[in-house]
Ligand code: SF4
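Numbering (my numbering), first residue to last: 1153 to 1488.
Next comes the structure, spelled out in structure tokens:
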């Protein structure tokens, strides 16, 4: 089975004109330097020296900013660097992220010409009130228009969403997820809103105007979103912010539902729901076996074994085992 690797190139947002209330512009300005061509090529070569690219699927990802907000010349310059790797089949695909209002036909023509396969948009919410209050500077219609154009051009579409923004509700988040599915997204990322230091959201939090979601609320909401996306076969690339040093140390984090193993907490709850029917008191003399896919094994057992511990209250013994024939969240049980 081949593995998938992404070579990440971080392109910071240069002089962003927007004021998303959760974003630390100061910090972004501190990283206001696009890596040089030499640095980018060195990164490609360094990653490829550790990857068996002949037998695996390798992509280059331009992350961090709004790629299509760069000048056409700069975009071409960056994409040109990738072409020798694509031509020599060392890299199979290119992905990039951008804003929904930075998409038009001319840009998409350029990206197509340079073998870009996937375009991710920061949709964040499909509710205009939420977008406006959050200072996103675009409306839901921009997401609809761009998503359609991206799909019409034949790209894979990624739509990222946030939950817990001011004026957001669980119902609005579900509606956003449903629309992301209806727009034909191939993949998504789900980010709970955090109050980061030196952001307008910090001021609102300090004034008592904004209250972040609790960890439990966040897990419950994200769990339902995951169920929805999985049922629609939308690939969930990421759940929760990447645990940067500033978040791990707490230096950047003022408040909000951050946990370095956030995805595990969500998947543990999701599996608790799946195993719920086994929580009954009539089996205390039985040995329970739960068979899962390799991918789901840890989630089924639960964060720090919490699902296993819960089942142990009802059975004489509890064992989780991998059945290689199972995929995703498929499972079956046996007991005697
Ligand atoms: S999150 Fe918003 S404010 Fe921050 S860089 Fe992106 S578009 Fe600009």
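Ideal Cβ placement from N, Cα and C applies to all residues, glycine included.
A quick note: this is a predicted structure, and the numbers were derived from the prediction, not measured.
Presumed contact (8 Å Cβ cut-off) between residue i and residue j, rounded CB distance
{"i": "residue 1269", "j": "residue 1308", "result": "6 Å"}
{"i": "residue 1164", "j": "residue 1217", "result": "5 Å"}
{"i": "residue 1310", "j": "residue 1340", "result": "7 Å"}
{"i": "residue 1147", "j": "residue 1322", "result": "Because the chain spans 1153 through 1488 in this model, residue 1147 falls outside it and cannot be assessed."}
{"i": "residue 1315", "j": "residue 1342", "result": "7 Å"}
{"i": "residue 1159", "j": "residue 1199", "result": "4 Å"}
{"i": "residue 1418", "j": "residue 1391", "result": "6 Å"}
{"i": "residue 1317", "j": "residue 1282", "result": "5 Å"}
{"i": "residue 1238", "j": "residue 1267", "result": "5 Å"}
{"i": "residue 1467", "j": "residue 1440", "result": "4 Å"}
Continuous alpha helix (DSSP H) stretch holding residue i: start and end
{"i": "residue 1337", "result": "First-last for residue 1337: undefined, no H or E at that position."}
{"i": "residue 1357", "result": "1352 to 1358"}
{"i": "residue 1370", "result": "1367 to 1383"}
{"i": "residue 1346", "result": "Segment: none, residue 1346 is in no alpha helix (DSSP H) and carries neither H nor E."}
{"i": "residue 1263", "result": "1257 to 1265"}
{"i": "residue 1459", "result": "1458 to 1464"}
Alpha-carbon spacing of residue i relative to residue j, whole angstroms
{"i": "residue 1426", "j": "residue 1452", "result": "9 Å"}
{"i": "residue 1446", "j": "residue 1475", "result": "7 Å"}
{"i": "residue 1265", "j": "residue 1481", "result": "38 Å"}
{"i": "residue 1156", "j": "residue 1338", "result": "16 Å"}
{"i": "residue 1385", "j": "residue 1249", "result": "21 Å"}
{"i": "residue 1328", "j": "residue 1176", "result": "24 Å"}
{"i": "residue 1210", "j": "residue 1197", "result": "12 Å"}
{"i": "residue 1274", "j": "residue 1434", "result": "49 Å"}
{"i": "residue 1223", "j": "residue 1306", "result": "23 Å"}
{"i": "residue 1299", "j": "residue 1336", "result": "8 Å"}
{"i": "residue 1201", "j": "residue 1229", "result": "23 Å"}
{"i": "residue 1381", "j": "residue 1296", "result": "18 Å"}
{"i": "residue 1253", "j": "residue 1461", "result": "48 Å"}
{"i": "residue 1361", "j": "residue 1354", "result": "10 Å"}
{"i": "residue 1404", "j": "residue 1378", "result": "27 Å"}
{"i": "residue 1215", "j": "residue 1395", "result": "16 Å"}
{"i": "residue 1272", "j": "residue 1231", "result": "16 Å"}
{"i": "residue 1312", "j": "residue 1219", "result": "15 Å"}
Three-state class that DSSP yields for residue i in the structure shown
{"i": "residue 1223", "result": "coil"}
{"i": "residue 1197", "result": "helix"}
{"i": "residue 1472", "result": "strand"}
{"i": "residue 1361", "result": "coil"}
{"i": "residue 1291", "result": "coil"}
{"i": "residue 1322", "result": "helix"}
{"i": "residue 1402", "result": "coil"}
{"i": "residue 1478", "result": "coil"}
{"i": "residue 1451", "result": "helix"}
{"i": "residue 1310", "result": "strand"}
{"i": "residue 1315", "result": "strand"}
{"i": "residue 1173", "result": "coil"}
{"i": "residue 1302", "result": "helix"}
{"i": "residue 1186", "result": "coil"}
{"i": "residue 1342", "result": "strand"}
{"i": "residue 1284", "result": "helix"}
{"i": "residue 1237", "result": "helix"}
Segment limits, beta strand (DSSP E) that includes residue i
{"i": "residue 1160", "result": "1156 to 1162"}
{"i": "residue 1390", "result": "1387 to 1391"}
{"i": "residue 1250", "result": "1245 to 1250"}
{"i": "residue 1416", "result": "Unbroken run through residue 1416 is the alpha helix (DSSP H), 1414 to 1427; no beta strand (DSSP E)."}
{"i": "residue 1444", "result": "1439 to 1444"}
{"i": "residue 1487", "result": "1483 to 1487"}
{"i": "residue 1405", "result": "1405 to 1407"}
{"i": "residue 1269", "result": "1268 to 1276"}
{"i": "residue 1209", "result": "1209 to 1215"}
Nonlocal neighbours in the same chain, by C-beta distance under 6 Å from residue i, ignoring five residues either side
{"i": "residue 1292", "result": "1278, 1280"}
{"i": "residue 1367", "result": "1409"}
{"i": "residue 1352", "result": "1173"}
{"i": "residue 1398", "result": "1404"}
{"i": "residue 1319", "result": "1281, 1282, 1285"}
{"i": "residue 1243", "result": "1210, 1212, 1237"}
Cut-off 8 Å between Cβ atoms - residues of its own chain near residue i, not counting five sequence neighbours on either side
{"i": "residue 1459", "result": "1420, 1423, 1424, 1427, 1452, 1453"}
{"i": "residue 1411", "result": "1367, 1392, 1417"}
{"i": "residue 1477", "result": "none"}
heavy atom of ligand 2 below 8 Å from residue i C-beta
{"i": "residue 1205", "result": "This structure does not include ligand 2; its bound ligands are ligand 1."}
Own chain partners of residue i with C-beta closer than 7 Å, once the 5 adjacent residues on each side are dropped
{"i": "residue 1187", "result": "1161"}
{"i": "residue 1284", "result": "none"}
Chain D within 9 Å of residue i, Cβ atoms only
{"i": "residue 1382", "result": "Of the protein chains in this structure there is only one, and it is not chain D."}
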